[in-house]
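Undergrad:
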Amino acid sequence: MTSSLPVSACVAWHATSWLRGHEPADELTSFGLDLDQLAGLRRSGADGVGIALPRAGDLLGLGGPRELNAAALSVGEAVVGRGIALVPRRQGSALWWEQYDAAPRQVPDLGEADRALRSETLSAAETLARLDVARWQPVLADEFLDLARPDELTGPAGIPAAAVALAGRAGRVLRIAGLGLADDGGAIGSAEMSARREALASLERAARRALVAACSADVWPPA
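First residue of the sequence shown: 317, per the numbering used here; consecutive thereafter.
1) Please name the residue in Arg-398, Ala-498, Leu-375, Gly-484 whose C-alpha comes closest to that of Asp-462.
2) Can you grab the Cα-Cα spacing for the pair Ala-503 / Trp-536, in whole Å?
3) Quick one: using the 10 Å Cβ neighbour count with 16 as the cut-off for buried, is Gln-353 buried or exposed?
4) What residue range does the beta strand (DSSP E) around Arg-405 cover?
5) Counting only the same chain and skipping the five closest in sequence on each side, list residues whose C-beta sits under 6 Å from that of Gly-379.
6) Would you mind reading off the limits of the beta strand (DSSP E) that contains Val-395?
7) Helix, strand or coil for Ala-331 per DSSP?
8) Kindly indicate which three-state DSSP category Ile-492 falls into: helix, strand or coil?
9) Which parts of the stretch 499-526 are runs of the alpha helix (DSSP H), unbroken and 4 residues or longer, counting only runs that do not cross its ends?
Below, the structure written as structure tokens:
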């Protein structure tokens, strides 16, 4: 299931599957894309799309222009294709997409992002173990241990297994980082708190980079 991913990641995978002829457009219309937007993706000539997961000071997956950057930053995500981008908007249960022009962007390579996530995960685990995370935030410690469990995420037809595996791991690590950054834990000193937040912030960025690579067809190995 792709529902555990950000909606832009789900749409990017299904759009790539559709553009490559693996599935009909029904999945995309179920996510709120209209026929004009589907036609725009087809006219772009690309055989896949990707995502952006920007945060303040880090426009990951975006290359401009300014209007797109601002819109995507306001919701933290976007689907980005060749010359076209779609930004999700919600009101209640309604989901629709605003279309923008998109400039070329730089996205981390799939293998590079995978290696960086593994390295940052190990580094963060070592730092948090040194700070005795299990004592002041046992749930976070349990989540790290749970990373050894195989992920059950599946992707649409035509999505490389390596991309699906990386997306599953990146999503779980993002959840861990978010959990840790949302709570400073028990009574620890300012130095320990700073070290903890620095480790979790680096982990969060590595996980976002990995998820962008896993959901961006332009950096996958040739099929």
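All C-beta atoms, glycine included, are put in the ideal place defined by N, C-alpha and C. It should be emphasised that the depicted structure is a prediction, and the values quoted were computed from it without experimental measurement.
TA: Once the coordinates are examined:
1) By one-based count along the sequence shown, residue 462 stands at place 146. Answer by Cα proximity: Gly-484.
2) As a first step, residue 503 is located in the sequence shown; it is residue number 187 there, counting from the start. As a first step, residue 536 is located in the sequence shown; it is residue number 220 there, counting from the start. Reliability of the predicted coordinates at Ala-503 is poor, the pLDDT of 47 falling under 50, and the value obtained from them is presented with this limitation in mind. Answer to the nearest angstrom: the Cα atoms are 44 Å apart.
3) Counting from one through the sequence shown, the residue named residue 353 turns up at place 37. The residue in question, Gln-353, is buried, as its Cβ has 16 or more Cβ neighbours within 10 Å.
4) Counted from its first residue, the sequence shown places residue 405 at position 89. Residues 400-407.
5) The sequence position of residue 379 within the sequence shown is 63, counting from 1. The residues are Ala-419, Pro-420, Arg-421.
6) Residue numbering aside, residue 395 sits at position 79 when the sequence shown is read from its first letter. Residues 394-396.
7) In the sequence shown, counting from the first residue as 1, residue 331 sits at position 15. In the structure shown, Ala-331 sits in a helix (DSSP, three-state: H, G or I).
8) Looking up residue 492 in the sequence shown gives position 176. Ile-492 falls in the helix class under three-state DSSP.
9) none
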